[in-house]
Amino acid sequence: MNLEILISTMHRTSLDFLETMFPYDNLEELSILIINQTKEGLDLNSKFNNIRVINSYEIGLSKSRNLAIDNAFGDICLIADDDTEYIVGFQKIVKEAFENCTDASLIKFKIETFLGKPYKVYPQKSKRLISYSDINTISSIEIAFKRQNIVDGKIRFNELFGLGSAFKSGEEFLFLKQILDNDLGIYFKNETIVKHKFESSTIVGSDDYLKSQSILYFMCYGWFANLYILKLLVFLVRKNVILKSKFFSKYTMAKKAIMYYKELRDA
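Each step along the sequence shown adds one to the number in numbering that gives the first Met the number 0, with nothing skipped, and position 129 is 128.
Right under this line is the structure:
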């Protein structure tokens, strides 16, 4: 199985950033597809056969991911961002994980910070992921997938979600939810493949977080989403993340977000 790295980036005019991403690898030995969201006349070009570039004049991270999936040809595709650094031997780790787990359509790996610490709390052992709660905190740069399984299942990133879209988060969960709903195997492999600066594009308790999370509840549980939203708000009040006096205004905001999502979905 060959591995292709799908990189989403913006406004690049040089391939120099790849040197920082892959400091331990010979770039000529990597198979890379770059989606560069840019403006006309500021295209990124590649003179290397193994490094393909598609310049897109749209915005939105999910649109970039989908364009990459549509144009990928690797047996295994690894999702990447341009601010990451891949460790020594990451290709071998990914390939062997799929070779040893033949029913896996997607495998989640680990990220660590540049200080060598785990980026988040991970399970202690490799395992199959079987529930929505198992996939709720997965980041795009943790995952690799079998391209043909994703294409055959018509599994795509929801372009209403993700940076540059109507709702700033939730795109990874919705992508993985489709895989679970199609009875395709998702596994966690207890090995690190990439480093990333510790940060979060969505702050827990922020309006963006509450809007996206409420819509995800609705997409998973329908009317019962109301109960999950109330439970989440109670938790955030108890943790002093939001003020008690803001409880009902936050609930109203969450309900309006669901209504807005329905309008966009049905447009």
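All residues carry an ideal CB built from backbone N, CA and C; glycine is no exception.
Mind checking residue i: buried by the 16 CB within 10 Å criterion, or exposed?
i, result
"alanine 71", "buried"
"lysine 167", "buried"
"glutamate 95", "exposed"
"valine 193", "buried"
"phenylalanine 47", "exposed"
"serine 30", "buried"
"isoleucine 161", "The displayed chain sequence assigns glycine, not isoleucine, to residue 161. Buried, because 16 or more other Cβ atoms sit within 10 Å of the Cβ of glycine 161."
"lysine 116", "exposed"
Just how far apart, CA to CA, sit residue i and residue j?
i, j, result
"glutamate 170", "isoleucine 142", "13 Å"
"tyrosine 23", "glutamate 39", "33 Å"
"leucine 77", "lysine 243", "43 Å"
"serine 132", "isoleucine 92", "25 Å"
"arginine 11", "asparagine 148", "31 Å"
"valine 120", "phenylalanine 89", "20 Å"
"tyrosine 260", "threonine 8", "27 Å"
"glutamate 28", "serine 125", "29 Å"
"aspartate 80", "valine 87", "17 Å"
"aspartate 151", "phenylalanine 247", "44 Å"
"isoleucine 33", "arginine 237", "44 Å"
"serine 13", "threonine 191", "28 Å"
"aspartate 15", "alanine 67", "20 Å"
"arginine 146", "tyrosine 118", "26 Å"
"asparagine 49", "cysteine 100", "27 Å"
"tryptophan 222", "methionine 0", "43 Å"
"glutamate 98", "isoleucine 110", "21 Å"
Ordered along the chain, which non-local residues of its own chain (more than five positions away) have a Cβ less than 8 Å from that of residue i?
i, result
"proline 122", "Phe187 and Asn189"
"lysine 196", "Asp82, Thr112 and Phe113"
"leucine 229", "Tyr250"
"isoleucine 241", "Gly204, Leu232, Leu235 and Lys249"
"leucine 263", "Leu159 and Ala165"
"phenylalanine 217", "Ala224, Ile257 and Tyr260"
"aspartate 207", "Phe166, Lys167, Ser168 and Thr201"
"tyrosine 56", "Gln36, Thr37, Lys38 and Glu39"
"asparagine 135", "Phe172"
I'd like the list of long-range same chain contacts for residue i, defined as Cβ closer than 7 Å, with 5 residues on each side in sequence excluded.
i, result
"isoleucine 137", "Lys107, Glu171 and Leu175"
"asparagine 54", "Asn35, Thr37, Asp42 and Leu43"
"isoleucine 58", "Gln36 and Gly163"
"lysine 245", "none"
"threonine 19", "Glu84"
"glutamine 212", "Leu231"
"tyrosine 220", "Tyr227"
"leucine 209", "Lys249, Met252 and Ala253"
Beta-carbon separation of residue i and residue j under 9 Å?
i, j, result
"alanine 253", "leucine 232", "yes"
"alanine 267", "isoleucine 185", "Here the chain covers residues 0 to 266 and nothing more, so residue 267 does not appear."
"leucine 215", "leucine 173", "yes"
"valine 52", "serine 45", "yes"
"leucine 128", "leucine 183", "no"
"arginine 64", "phenylalanine 144", "no"
"aspartate 74", "leucine 2", "yes"
"leucine 26", "leucine 17", "yes"
"serine 139", "leucine 179", "no"
Closer than 6 Å by C-beta to residue i: which residues in its own chain qualify, once you throw out the five before and the five after it? Chain order, please.
i, result
"glutamine 177", "Ile154"
"asparagine 181", "Gly152"
"phenylalanine 21", "Tyr85"
"asparagine 239", "none"
Continuous beta strand (DSSP E) assignments of at least 3 residues falling wholly in the region 89-115: 103-111
Sequence ranges, beta strand (DSSP E) only - wholly within the region 118-179, length at least 3: 126-128 and 142-145
In chain order, which beta strand (DSSP E) runs of at least 3 residues are fully inside the region 41-70? 50-55
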